[in-house]
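In terms of the numbering used here, the sequence shown is residues 63 to 1209. Single-structure report; data block below.
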Amino acid sequence: MENAENVLTVMKQAGIEPGPDTYLALLNAYAEKGNIDHVKQTLEKVEKSDLCFMDRDLLQIIFSFSKAGYPQYVSEILEKITYERRYIPDAMNLILLLVTENLEDTALQILLACPVSREDSLSDFGSFFLRHCVTMNTPVEKLRDYCKKLKEAQMHSSPLQFTLHCALATKKAGLANALMKALKEEGFPVRTHYFWPLIVGHQKEKNVQGIIEVLKGMHEMGVNPDQETYINYVFPSFDSVKSARAALQENGCLPENSTFLQAELRSEALNGNLDFVLSFLESNTLPFSINSVRGSLILGFRRCVDINLWSKITELLYNDGRYCQEPLGPTEAVGYFLYNLIDSMSDSEVQAKEEHLRQYFHQLKKMNITISQNIYRGLRNLLDIYHVPELIKDVNMLVEREKIDSRKTLQLTSSDLESTLEKLKAENQPIRDVLKQLILLLCSEENMQKALEMKTKYESDMVVGGYAALISLCCRHDNAEDALSLKQEFDHLDSSAVLDTRKYVDLVRVLGKHGKLQDAVNILKEMKEKDVVIKDATVLSFFHILNGAALRGEVETVKQLHEAIVTLGLAKPSTTISSPLVTLYLEKDDLPTALGASIDCYEKYKILPRIHDVLCKLIEKGETDLIQKAMDFVSQEQGEMTMLYDLFFAFLQTGNYKEAKKIIETPGIRARPARLQWFCDRCIASNQVETLEKLVELTQKLFECDRDQLYYSLLKLYKLNGDWQRADVVWNKIQEENIIPRDKTLRLLAEILRNNNQEVPFDVPELWYEDTAHPLKSSSPSPVETHFEKDLLKACQRKKSKDAYNIFLKAQNQNIEFNSETYSTLTRLLLSMDSFTQAMQVKNVAETHIKGFTLNDAANSLLIITQVRRDYLKEALAVLRTALDLEQLPSRIAVTRLIQAFALKGDVESVQTIQKMVKGLENSIGLSNMVFINNIALAQIKNNNIDVAVENIESMLTSGDPAVEPQYFGLAYLFRKVIEERLEPALEKISIMTERLANQFAVYKPVTDLFLQLVDSGKVDDARALLQRCGAIAEQTPILLIFCVRSSRTPGKAPTMKSLMELIPELIEKEEAYASIMKSYALDNDVASAKALYERLTAKNIKLHDLFLKRYAVLLKSAGEPVPFTEPPESFEFYVKQLKESKESPL
């Protein structure tokens, strides 16, 4: 030490003033010896000089004292620290280091000295300290003491609970139990879900004794397990619920209340064990509401289609006062159960179970079970949507006729109307209006026989409306003869009259079903001749007609009706409308003919319906020759990449994962987002968890694969199954793969975790429609109406769409109406949650209750986006037209997506229609003229009018007065879609055009856009060839730099940026370029490439700004590697702002 001190004297004699680093080295040496006096003296000497120490230096001295075993001197150094905001991270790092060195007391001392803002609410600044203490196994008594001190210092709002969370997250069972006891002792509640992670640890290993111990621990702390604990955590660890009961009883853990019994019932129901459910309900002595088990019971019904058990259980629930405790009684309770049962099924499931449901409804009728008129309406709408109108009459039998709504006491019955009719006829008075009213009433009551009798009796006074209602009624009752006869009488009465679209479709269905093919085709011809409106829903109905016939094996029906529909232009050929042609033979297991039918469709219409299902069947049967034939055809007609994806999906679907892995690892294969999403949606629709998990697993290394979107799809499936454990695993995998999840993914994951009472380990992004409307009503509402409206708006605010919709249904049942803004808010929420059917029902009800009701701007925009996603383009266009007529301003994304959807279908006319509709509003909406130019060209190309598209673009760019200046004439979207859709002839002509514009007219923007899209899509060789033919591309620096900046915002774009830098090496020296590629490397956690870039730039002596260095330093630290320079201390936001200001004020 003396020699060290002498060095200072020698330096001064030599005229060299010692710097801060020299003094700091000396101070650390004193500290290691515990010499506080010399430390103080040296610090005083430095303070008197022009030198000064930063907080970071003083923190080093504190560490030296602590490590050497002199913590008593720490407080004296802490007094000298200024605690500048930028040094707080250094203090946090020191605290963590001290905890690692088992110097927790000193770490806490420093933490408590940190000045943390406590505005608004208590800070949770101490979380990092507590978490690290748990990681380092700090004794529980110390942790309790630390929590108490942090609470007193207002550095943490709930330190003990947070520490427990950390212990549970790190699976430290002993510590977690001790902390729960501490919580109990201090008067805090101990929640049931605190114990779930402890059970999960044992559950994975099927450690029954471990689970028993946890349950005993819960009992000791006075915590009773709830139903979810038993169903999700306890029961899965046993072979059966019965064995779980026996084990719990043996160990004294079986509760005496009804919780276990209801959990037992729900679990067995979920497994489809309806025998147990019936037995339990019969012998149970503890009353509970049907609502508490409704969801589980519905799943049980769907998994065990035993109509006798369905009926007996429903009868018991209806008649037994133990289960129907609803204020409105069994009629409403069972009615809601039936509604939710049908609503929980998909349209295909309802169609498949149509006969079972019919038997079920008939048995309920025999048991004198009734439902209300409102529930019937809801069921009728559902069955109509699901394309099973024949079931409506069967449900109608259950309607409670005697109980009449107080608001409808003046409504006449059919008997009253019939008497009035006879009286008027006897008096020779006009009867047409009364007759029509009677016919309509009988039709609404599904009384077909009486309605036909009235028609026959008073035929001469029948009007068009009466015939239309009767035709619809006969179709619902599957009465083809009378339906056809009525249609002929309808035409005879007024040959120019036109039925609505739905009635024409119903006629085609019932006539086709009964073999009257020529009559069915004649109806289709009339639809064409009378220009009947064909909506997307109509085309879907055509599909269901054809598919029903295919499932019944009616070859001629399918072929003739399909031929007529397509030839008449009522529906364009598509994989959906043509799939029944293949279904015919798949149902008969005639695979060669099924494959032939699919290939025949391609040769006629350029579509391959059900090729995936055909391939799956061929693989299952081992038909190698037919598989080869199918693959050769697909490869020849649609390209090798399409063929590989078809095989990949087929192998996945059939469980041949090894073969699927070989396919997806084929050199050169790249991600096709649309195809991957198609398969994800298919897995979700059919609840194929393992298949979807395998897809996500096998595509991990797939080039340009959108991993976040795949995980989002997986989370959607987990949400449907209520599987939060698997969802939690997804969060870990997302982090392991260094994926930056989108907001929608985080929101979905957070929703799954919250719904299962789990902590959300990240900040949840908020939605743009967070605000809740508080409208004023023109008239004073009743307390009940106010209560319903408040509850509904509260549910909307909390994004509880199911709760909000259920409140709406209950309000409907009690004839309570809301105001316009409430209906709009609910519709908007349902659309945002992709509950399209329910949203449309709310909208329809609002239109019924409120004259002139319209959705607001935001809801209409969401409606357009949802309709586009579901391919309801005509309806979306109608919504846009309505919104504009109401002087609303739709969102840019809604209009753009609608335009793009029409363009991809080759519908030039619709794109141009939208252009006319929004004329003058482009700036307000935020629409660029290029949106229309790109999409009109794309639509023309999709229609094989490539030359027209190219000529139009070229003339716009070479005319004397262009609509858009050449430097802003961006065609990147068009080029990207042409490349993605593999439209090679179009790409070739576009390339020639762009080169001609560059070489002859010096217009370089198009050729540069094409070059960049080729690079972005991985066609580097094509891009290189284009660059060689048109060297001026390399000179378009502003365009190239904008591309770099935009690319850097998306994860996974680093390979694209690398390719661009290799093609144009001089670009790397531009600040925007090297900053963007470093950002891409940081997003992708590509440390090796980032190092190479940094070394390359420093070798060229390029001055690097602080934002670049900060990003690189953080990347290195996250990988546990040393930083070769002093890390810029401020936040990213600070340096972004600094860089922006420096560019705005270069002087």
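Even for Gly, the Cβ is constructed at its ideal location relative to N, Cα and C. All of these numbers come straight from a predicted model, not from anything done at the bench.
#1: Confirm, please, whether the CB-CB distance from Leu-772 to Cys-742 is below 8 angstroms.
#2: What does the alpha-carbon distance come out to for the pair Leu-184 and Glu-214?
#3: Use the C-beta contact count for Met-198: other C-beta atoms within 10 angstroms, 16 or more gives buried, fewer gives exposed.
#4: Going by DSSP, which residues form a beta bridge with Ile-533?
#5: Can you check whether the CB of Ala-229 is closer than 8 angstroms to the CB of Met-222?
#6: Give every residue of the same chain whose Cβ lies closer than 7 angstroms to the Cβ of Arg-420, excluding the five residues on either side of it in the sequence, and list them in chain order.
#7: Is the distance from the Cβ of Val-270 to the Cβ of Ser-299 below 8 angstroms?
#8: Name the one or two DSSP bridge partners that Ile-433 has.
#9: Let me make sure I understand the geometry here. Which of His-554, Leu-602, Glu-618, Ile-596 has the alpha-carbon closest to that of Ala-582?
#10: Just to check my reading of the structure: Ala-175 and Leu-120 have Cβ atoms closer than 8 angstroms, yes? What is that Cβ distance to the nearest angstrom?
#11: Comparing the CB of Ala-238 with every heavy atom of the ligand SAM, is any distance shorter than 7 angstroms?
#12: Compute the Euclidean distance between the alpha carbons of Ala-231 and Asp-790, then round it to the nearest angstrom.
#13: Classify Val-1198 as buried or exposed, calling it buried when 16 or more other Cβ atoms lie within 10 Å of its own Cβ.
#14: Quick check: the Cα distance between Asp-467 and Leu-400, rounded to an integer number of angstroms?
#15: Quick one: what's Phe-765 bridged to in DSSP?
#16: Tell me whether the beta-carbon of Pro-803 lies closer than 8 angstroms to the beta-carbon of Ile-814.
#17: Just to confirm the assignment, what range does the alpha helix (DSSP H) spanning Met-1140 have?
#18: Output the boundary residues of the alpha helix (DSSP H) element that contains Lys-872.
#19: Relative to the alpha-carbon of Ala-736, which residue among Asp-768, Asn-749, Asn-718, Glu-759 has its alpha-carbon at the smallest distance?
#20: In the structure shown, what three-state DSSP assignment does Arg-672 receive?
#21: Quick check: His-1210 and Ala-722, are their CB atoms within less than 8 angstroms of each other?
#22: Can you list the beta strand (DSSP E) stretches of 3 or more residues lying completely in the stretch 258-316, in chain order?
#23: Buried or exposed for Lys-650, please, with buried defined as at least 16 other CB atoms from any protein chain shown within 10 angstroms of its CB.
#24: In this structure, how does DSSP classify Pro-1222 when only helix, strand and coil are distinguished?
#25: Would you identify the three-state DSSP class for Phe-552, choosing helix, strand or coil?
#26: Give me the residue from Ala-1154, Ser-1110, Ser-557, Ala-1096 with the minimum Cα distance to Glu-1128.
#27: Apply the 10 Å Cβ neighbour rule to Thr-910 and answer buried if 16 or more other Cβ atoms are within range, or exposed otherwise.
#28: Going by beta-carbon coordinates alone, are Leu-1076 and Val-1069 separated by less than 8 angstroms?
#29: Just verifying my parser: in three-state terms, what is the DSSP assignment at Asp-770?
#30: Of the choices Val-412, Lys-861, Thr-376, whose alpha-carbon is the least far from that of Ala-395?
#31: Looking only at its own chain, which residues have a Cβ that is under 8 angstroms from the Cβ of Asn-286, when we skip the five neighbours before and after it?
#32: Taking Leu-782 as the reference, which of Ser-341, Leu-811, Gln-762 has the closest Cα?
#33: State buried or exposed for Glu-1131, treating a residue as buried only when at least 16 other CB atoms are found within 10 Å of its CB.
#34: Using only the alpha-carbon positions, how far apart do Gln-491 and Lys-485 sit?
#35: Taking the CB atoms as reference points, tell me whether Ala-1214 and Arg-890 lie closer together than 8 angstroms.
#36: Could you check how far apart the C-beta atoms of Ala-999 and Asn-1014 are, in whole angstroms? I think they sit under 8 angstroms.
In terms of the structure at hand:
#1: yes
#2: Confidence is the limiting factor: at Leu-184 the pLDDT is only 42, short of 50, which leaves the residue's position unreliable, though a coordinate-based value still follows. Approximately 11 angstroms between the Cα atoms of the pair.
#3: Exposed, since its Cβ has fewer than 16 Cβ neighbours within 10 Å.
#4: Its beta-bridge partners do not exist; DSSP assigns none.
#5: Going by the sequence as given, residue 222 is Leu instead of Met. A distance of 8 angstroms or more separates the beta carbons of Leu-222 and Ala-229.
#6: Leu-453, Asp-456
#7: yes
#8: Answer is Val-461.
#9: Of the candidates His-554, Leu-602, Glu-618, Ile-596, the one whose C-alpha sits nearest the C-alpha of Ala-582 is Glu-618.
#10: No, Ala-175 and Leu-120 are not in contact; Cβ-Cβ is about 11 angstroms, not under 8 angstroms.
#11: Ligands in the displayed structure: none, and consequently the ligand SAM is not present.
#12: 11 angstroms
#13: exposed
#14: The predicted position of Asp-467 is uncertain, since its pLDDT is 46 and thus under 50; a value taken from the coordinates is nonetheless stated next. Our two residues, Asp-467 and Leu-400, have alpha carbons roughly 21 angstroms apart in a direct line.
#15: Arg-732
#16: no
#17: 1133-1146
#18: 863-875
#19: Asp-768
#20: coil
#21: A query on residue 1210 cannot be resolved here, the shown segment of the chain reaching from 63 to 1209 and no further.
#22: DSSP assignment within the stretch 258-316 yields no whole beta strand (DSSP E) run of 3 residues or more.
#23: Classification of Lys-650: exposed, given that the 10 Å Cβ count is below 16.
#24: Given that the chain is displayed from residue 63 to residue 1209, the structure contains no residue 1222 and the question cannot be resolved.
#25: helix
#26: Ala-1096
#27: exposed
#28: no
#29: helix
#30: Thr-376
#31: Thr-254, Met-280, Pro-317, Asn-319, Thr-321
#32: Leu-811
#33: exposed
#34: 9 angstroms
#35: Since the first and last residues shown for the chain are 63 and 1209, residue 1214 lies out of range.
#36: 7 angstroms
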